[in-house]
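Worksheet: one structure, shown below.
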Amino acid sequence: MDLIWDKPKPIVVYNLPEYPIDVFPKWIKDTVIMLSRSLHVREDMIANSILGALSASLLGKYYFHYNATNWRLGLNLFVISALYPGAKKDAVQKIIFKVLLDEQERLLKKDHENSSEKLSLIHVKKHKYERLIKRKGAENDGEASRTLKEIQALQAELDQKYFIISGDVTNERMIELVKNNGESLTVATAEATELIDHMLGRYSSEGSIDFILKAWEGAPYTKNRSTREDLMLKHPLINLNLLTQPSELAKFHKMAHRGLLQRFLVVLPEKYPLNKISLSQKVDKNVIDTFHNNIRCLYETNNVNKEITVSEEAEHEFNELKMNILKKQYGDVDQLTEEWLAKVFSNLIKVTTLIKLSDTLINNKADSITLNKVDINKMEILFNYYYTHFQHINGKLNNSKDVLESKLPFFFRRLLEVDAKKGKKGVITLTDITNYIKKFNGLERNQMLQRLEEHNLIQINLIGKKREIHFNPEIKKMPLNKALDLVKDTNR
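Each residue of the sequence shown is one higher than the one before, counting from 1 in full-length UniProt numbering.
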């Protein structure tokens, strides 16, 4: 039977964008490029980890305030980079957070060294307090009250103060750590599974995301129990910088009705391309030393709650970007995307403000810091990057056919190679595909074959129970390179 063919229609596959590193100052950009080339990892993971380190260094020292609506934002971020095993997550985090982890270790050692002296002093003051309350008189009552406050202050100092931790922490303990550290905490981990399991209650019935949700925006949190001391936090802020495997995102997706995933900037970096790997590329010590020194400088900044706002000249661009995102939110999108869009503008402000501070503070231009038109343009660039990644991940979680687009060039190449092995007759069977192309399951293969058929590149012919895949005769006349251009990968 002769098949009727239309002209082949090329498919252009738009892959996920890499991090727009030009938004960073030179010292961060140099670090991202150097680590990407020497460790053979995508720039996305490094850039997003650096944002976590910036937030950990500056949390509580600066905040964003938009005067027109009295809108205040802390500079904490919720970021997930989802990578497959072997992506060197631990190596990247150790380098990026080294200065902060070393400082945390120093603080804990100092606390331990002073604990014996403080315990002894508490013991003495407790005896004094007990003697005072046994005596009568206003003077003794006043001194007893002062002694009790001194005891409470010393006990508070005994609580080890963590400003940065890994992810293996229960919900209750996380709340305590936030309280002890001036209402802020950074969780940076290369294995987010442990934190996710605690949040979702895998290890106990106390799993809860209530505190996490409030600590994204610094909303007041109170806890009142009949058997415990009451707790009130005015503006708790948690900075989550999580590296994990893509399969873990499904757990976040199950909590979408609570708004957890919607608070995150989520990226899914692709595998580092083989043609870019150079085994002679080494880690540049000078670049790393500069990065570590600058992170230390940011961490040691003494400001407390200093305001960053939008300059008057940039207010139009600021509001225009917000309106453009609102239009997308009210457009033809699913509920999860709509809710993510409702929160992403806050995240973009935080990211852009951190980038601005990482430039101005290091260059000693910190007298009056405002977001200008250049910064708002960076915010728009970052929105396009994060929105594209979120759409891809949302589609992946919902088994969208569009997600398979990125796999089409490889699949089409393999089809042509199978045909060549069979004598380039222009026809192969589904059994041939199953035997020679084992990377995809049956559903994925069928979806990609359908996509190729829609563009007149192939036709699927059913003969009894057997399915034959016929190539367009125009493709048979083409050399391989020209045929591959019919399904073009924009990253190549």
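C-beta atoms are modelled at their ideal positions from N, C-alpha and C, and glycine is treated no differently.
| Taking buried to mean at least 16 other C-beta atoms within 10 Å of its own C-beta, is Pro-220 buried or exposed? | Locating residue 220 in the sequence shown gives position 220, where the first residue counts as 1. Within 10 angstroms of the beta-carbon of Pro-220 lie fewer than 16 other beta-carbons, which makes it exposed.
| field | Best match in Thr-429, Asn-76, Arg-106, Ile-288 for proximity to Arg-263 [C-alpha to C-alpha] | value | For the purposes of this step, residue 263 is identified with residue 263 of the sequence shown, where counting begins at 1. Nearest C-alpha to Arg-263: Asn-76.
| said: Cutting at 7 Å between CB atoms, please list the residues of its own chain near Glu-307, excluding the five before and the five after it. | reply: Taking the first residue of the sequence shown as 1, we reach residue 307 at position 307. Counting only residues of its own chain and dropping the five nearest sequence neighbours on each side, Glu-307 has a CB closer than 7 Å to the CB of Tyr-63, His-65.
| said: Distance check for Asn-171 and Leu-200, CA to CA, integer angstroms please. | reply: Numbered from 1 along the sequence shown, position 200 holds the residue referred to as residue 200. Numbered from 1 along the sequence shown, position 171 holds the residue referred to as residue 171. When rounded, the separation of the alpha-carbon atoms in Leu-200 and Asn-171 is 10 Å.
| message | Between the alpha carbons of Leu-108 and Glu-300, how many angstroms are there, rounded? | response | In the sequence shown, residue 108 corresponds to position 108, counting from 1. In the sequence shown, residue 300 corresponds to position 300, counting from 1. Between Leu-108 and Glu-300, the C-alpha separation is close to 17 Å.
| query | Is the region 271 to 282 touching the region 383 to 401, taking contact as three or more C-beta pairs under 8 Å? | reply | Not touching, per the Cβ criterion.
| query | Taking the DSSP output, what are the residues bridged to Asn-461? | reply | Here residue 461 refers to the residue found at position 461 of the sequence shown. In DSSP, Asn-461 forms a bridge with Glu-468.
| query | If we ignore side chains and look at the alpha-carbon of each, how far apart do Ile-393 and Phe-411 end up? | reply | On the sequence shown, position 393 is the one that residue 393 refers to. On the sequence shown, position 411 is the one that residue 411 refers to. One C-alpha to the other measures close to 21 Å.
| message | I'd like to check one pair, Leu-3 with His-470: are the Cβ atoms closer than 7 Å? | response | Within the sequence shown, the letter at position 470 stands for residue 470. Within the sequence shown, the letter at position 3 stands for residue 3. If you check the CB distance, His-470 and Leu-3 come in under 7 Å.
| request: Keeping to the same chain, check which residues put their C-beta closer than 7 Å to that of Arg-492; ignore five residues upstream and five downstream. | output: By one-based count along the sequence shown, residue 492 stands at place 492. Its pLDDT being 44, under 50, Arg-492 is placed unreliably by the model, and nothing is read from it.
| task | Tell me Ala-342's beta-bridge partners as DSSP assigns them. | result | Mapped onto the sequence shown, residue 342 falls at position 342. According to DSSP, which records beta bridges pairwise, Ala-342 is partnered with nothing at all.
| Beta-carbon proximity of Asn-48 to Val-92, cut-off 7 Å | Numbered from 1 along the sequence shown, position 48 holds the residue referred to as residue 48. Numbered from 1 along the sequence shown, position 92 holds the residue referred to as residue 92. No; because the gap between Cβ atoms is not below 7 Å, this pair is not in contact.
| Three-way DSSP call (helix, strand, coil) for His-257 in this model | Looking up residue 257 in the sequence shown gives position 257. Correct three-state label for His-257: helix.
| query | Cβ of Pro-20 within 7 Å of Cβ of Thr-388? | reply | By 1-based counting over the sequence shown, the position of residue 20 is 20. By 1-based counting over the sequence shown, the position of residue 388 is 388. With contacts defined as CB atoms closer than 7 Å, Pro-20 and Thr-388 fail to qualify as a contacting pair.
| said: Distance check for Gly-423 and Lys-467, CA to CA, integer angstroms please. | reply: The count along the sequence shown starts at 1 and reaches residue 467 at position 467. The count along the sequence shown starts at 1 and reaches residue 423 at position 423. Here residue 467 turns out to be Arg, not Lys, going by the sequence shown. Those two C-alpha atoms are separated by around 18 Å.
| task | Please specify which runs of the beta strand (DSSP E), each continuous and at least 3 residues long, are wholly inside the region 218 to 281, giving them in chain order. | result | Qualifying beta strand (DSSP E) stretches, in chain order: 221 to 223, 231 to 233, 237 to 244, 265 to 267.
| Three-state class that DSSP yields for Ala-82 in the structure shown | Position 82 of the sequence shown holds residue 82. DSSP places Ala-82 within a strand segment (E or B) once states are collapsed to three.
| said: Whole angstroms are fine: how far does the CA of Ile-96 sit from the CA of Ile-50? | reply: Residue mapping note: residue 50 aligns to position 50 of the sequence shown, counting from 1. Residue mapping note: residue 96 aligns to position 96 of the sequence shown, counting from 1. In a straight line, the C-alpha of Ile-50 is about 6 Å away from that of Ile-96.
| field | Beta bridge counterpart(s) of Trp-71 as assigned by DSSP | value | As a position in the sequence shown, residue 71 is number 71, starting the count at 1. Paired residue(s): Tyr-66.
| said: According to DSSP, Glu-307 sits in a beta bridge with which residue or residues? | reply: Reading the sequence shown from its first residue, position 307 is the one you call residue 307. For Glu-307, DSSP records a beta bridge to Tyr-63.
| Out of curiosity, what's the CA-to-CA distance linking Leu-237 and Ile-381? | By 1-based counting over the sequence shown, the position of residue 237 is 237. By 1-based counting over the sequence shown, the position of residue 381 is 381. So the alpha carbons of these two residues sit roughly 26 Å apart.
| Pairing CB atoms from the region 371 to 385 with CB atoms from the region 437 to 448, are three or more of them under 8 Å? | Because the criterion of three Cβ pairs below 8 Å is not met, the region 371 to 385 and the region 437 to 448 do not touch.
| Nearest to His-198 by alpha carbon, out of Val-487, Val-169, Asp-359, Pro-10? | The count along the sequence shown starts at 1 and reaches residue 198 at position 198. Selected option, being the one with the closest Cα: Val-169.
| task | Going by CA-CA distance only, name the one from Ile-376, Arg-135, Glu-183 that's closest to Ser-346. | result | Position 346 of the sequence shown holds residue 346. Cα-wise, what sits closest to Ser-346 is Ile-376.
| Is the region 24 to 44 in contact with the region 277 to 286, if contact means three or more CB pairs nearer than 8 Å? | In short, these stretches touch, since the Cβ pair count reaches three.
| query | Is Ile-122 helix, strand or coil by DSSP? | reply | The residue labelled residue 122 in the question sits at position 122 within the sequence shown. Reduced to three states, the DSSP call for Ile-122 is helix.
| said: So, under 8 Å CB-CB, Leu-101 and Glu-183 are touching, yes? Tell me the CB distance rounded to an integer number of Å. | reply: As a working note, residue 101 is residue 101 in the sequence shown. As a working note, residue 183 is residue 183 in the sequence shown. Between Glu-183 and Leu-101 the Cβ distance is about 21 Å, and since that is not below 8 Å, they are no contact.
| field | Where Lys-482 falls: helix, strand or coil (DSSP) | value | As a first step, residue 482 must be located in the sequence shown, where it is residue number 482. Looking at Lys-482 - three-state DSSP - the assignment turns out to be helix.
| request: For my contact list, Leu-261 and Met-255 are in at a C-beta cut-off of 8 Å; report their separation, rounded to the angstrom. | output: Taking the first residue of the sequence shown as 1, we reach residue 261 at position 261. Taking the first residue of the sequence shown as 1, we reach residue 255 at position 255. About 7 Å separates the beta carbon of Leu-261 from that of Met-255, a gap short enough to meet the 8 Å contact definition.
| field | CB of Pro-409 within 7 Å of CB of Val-344, strictly | value | Within the sequence shown, numbered from 1, the residue matching residue 409 stands at position 409. Within the sequence shown, numbered from 1, the residue matching residue 344 stands at position 344. The criterion of a C-beta distance shorter than 7 Å is not satisfied by Pro-409 and Val-344.
| task | For Met-448, count neighbouring C-beta atoms within 10 Å of its own C-beta (all shown protein chains included) and say buried if the count is 16 or more, exposed if not. | result | To locate residue 448, count along the sequence shown from 1; it is residue 448. Buried.
| 7 Å Cβ shell around Leu-73 - same chain, five flanking residues per side excluded | Counted from its first residue, the sequence shown places residue 73 at position 73. So the list reads Tyr-63, Phe-64, Ser-346, Ile-349, Lys-350, once near-sequence residues are dropped.
| Taking C-alpha atoms, which residue in His-253, Lys-161, Arg-146, His-235 lies nearest to Ile-196? | In the sequence shown, counting from the first residue as 1, residue 196 sits at position 196. By alpha-carbon distance to Ile-196, the top candidate from His-253, Lys-161, Arg-146, His-235 is His-253.
| task | Return the bridge partner residues of Ser-184 from the DSSP annotation. | result | Reading the sequence shown from its first residue, position 184 is the one you call residue 184. Its beta-bridge partners are Leu-237.
| task | Output the boundary residues of the alpha helix (DSSP H) element that contains Ile-433. | result | On the sequence shown, position 433 is the one that residue 433 refers to. That run of the alpha helix (DSSP H) goes 430 to 436.
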